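Undergrad:
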Amino acid sequence: MQTIEFENKIGYKFLDKNLLIRALTRKALAYEKPLENHQEAFCVLGDAIIKVVLCDLLIKKGLETKGQITQKKAFLENEKILAEIGRSMNLDDYIITNEGEKSTNIFKGDRAIAETLEAIIAAIYSDQGFVYAKEVVTFLFKNKLKQTYT
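Under the numbering used here, the letters of the sequence shown match residues 55 to 204, in that order.
#1: So what does Ile139 bridge to, in DSSP terms?
#2: Using 8 Å as the threshold, is the stretch 91-106 in touch with the stretch 164-182, meaning 3 or more CB pairs across them?
#3: Would the beta-carbon of Asp110 fall within 8 Å of that of Glu172?
#4: Can you name, in chain order, every residue of its own chain whose Cβ lies under 6 Å from the Cβ of Asp70, other than the five neighbours on each side?
#5: How many angstroms separate the CA atom of Met143 from the CA atom of Ile64?
#6: Under three-state DSSP, which class holds Ile149?
#7: Please say whether Phe195 and Leu112 have beta carbons closer to each other than 8 Å?
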């Protein structure tokens, strides 16, 4: 897999490429061959990181009430938006999965792409910490953030 090409798309270079491979590897692949590392746990962590970063960005944009922040965050972090961001960088071209998901194109669906994007954010966090993960989330969401204020 060409990790350099993908790293250029997200604006981040991994020190540990195995973290990126884990983030791109769907749990479904474990049904075909034994795997210790797949994206499932990273999806949970990445989701939490995205929530924190989006809250911070929304507050810095001037949102003050819980209702305002919650509403905008819910819009930005939904599966459809995450999938749009993932598709904008052809994320499905890099997802590692099993033949079953490939034959049915499940890995190209909103959920699979959104989960993979979350896992990538967690991989960045695991690689070099929160500051780098925050930079990438900010970069990836910049256009969507602009759209919420126009």
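Glycine is no exception: its CB is placed at the ideal position from the N, C-alpha and C atoms. In this text the structure is predicted, and so the values were computed from the model without any measurement.
TA: Let's see:
#1: Answer is none; Ile139 lacks a bridge partner.
#2: yes
#3: no
#4: Asp181
#5: 8 Å
#6: In this structure, Ile149 counts as coil in the three-state DSSP scheme.
#7: no
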